[in-house]
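Data block below; observations after.
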Amino acid sequence: MHFPALQRDFYARPSLEVAQDLLGCLLVRQLDSGQTLAARIVDLEAYIGQEDTACHASKGRTPRTEVMFGEPGHAYVYLIYGLHHLLNLVTEEAGQPCGLMLRALEPVHNCEVMREIRPVKGRNLCNGPGKLTRALDVDRQFNRWDLCSGQQLWVAPRPAPLTEPVGRGPRVGIDYADQKDREAPWRFWLEGNPWVS
DNA sequence: CTCTCGATGTTCT
DNA sequence: GAACATCGAGAGG
């Protein structure tokens, strides 16, 4: 099984475009054991620049947000609530601090290995941003990771055209943001897909 | 199924 | 010292 890595030019575009194009693509994780896990992206949110008060980068350039200001095609991984790692993909040209947070995945390849890493029943496996990082063994080690390297963690193109329609709406869990940002329809998902969070 | 609540550590004020 | 891009356990319906 071979999964080619999306290259930097894919990520170096307007975040809302990249977000929609990523639906149905495969997040791929190659473990140290050599096993390769793959899961379809079915739900994600865009965080767009310093003007977006929901985006961490709206606080400015700090050690934490530095990676979002850098080259597209890198991973931004951080710890939330002291417990959960969340995975973002950096988009747009360097200097534009933007990223896409993955909210849910549909397991496709080596699902049983994911369930060894995260032994839960049914759709609980990766239908949430903190769950999917757990299931794919992604943590802060992958902060600043180059997703275009095709090693350990990357994204592969859609294996097949989308069969589900695309849903769109406001983002989740950002009560602290300004009203215009709370209402911005910057979350995208595959309508009717059972793995959506 | 729903709701409530506590956990836990990094970041920024 | 507060807030936080969440999860899971436990109680109740």
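All you need for this note's numbering is the position in the first sequence, starting with 1, plus 11.
Note that beta-carbon positions come from the ideal geometry of N, C-alpha and C, so glycine has one too.
These figures come from a predicted structure and were not determined experimentally.
Residue i to residue j span [Cα, whole Å]
i	j	result
HIS67	PRO205	29 angstroms
PRO15	PRO168	7 angstroms
ASN99	SER44	24 angstroms
LYS142	GLY93	14 angstroms
GLN163	GLY180	32 angstroms
ARG198	GLN46	31 angstroms
VAL119	ALA49	6 angstroms
GLY161	LEU201	25 angstroms
ARG24	LEU97	22 angstroms
ALA171	ASN154	29 angstroms
ASN121	HIS13	13 angstroms
ARG182	ALA195	7 angstroms
THR174	TYR187	35 angstroms
LEU42	ARG19	23 angstroms
ASP63	SER69	6 angstroms
GLY106	PHE80	5 angstroms
Distance between beta carbons of residue j and residue i, contact taken as under 8 angstroms
i	j	result
VAL78	ASP150	Between ASP150 and VAL78 the Cβ distance is about 15 angstroms, and since that is not below 8 angstroms, they are no contact.
ALA57	LEU27	6 angstroms
VAL166	LEU17	5 angstroms
LEU158	PRO140	Not confirmed; about 17 angstroms, so no contact.
PRO83	TYR22	4 angstroms
SER208	ALA115	4 angstroms
LEU111	LEU33	7 angstroms
Residue burial classification, residue i (beta-carbon count within 10 angstroms, cutoff 16)
i	result
LYS191	exposed
GLY184	exposed
HIS85	buried
THR102	buried
GLU117	buried
LEU90	exposed
GLY35	buried
VAL131	exposed
Those residues which DSSP pairs with residue i across a bridge
i	result
CYS109	ILE59
THR174	BP columns for THR174 are empty, so no partner.
GLN41	THR47
ALA86	LEU100
GLY180	ARG198
LEU164	ARG40
ILE52	LEU116
Evaluate the contact criterion for the stretch 123 to 142 versus the stretch 69 to 88: three or more CB pairs, one atom per stretch, below 8 angstroms. no
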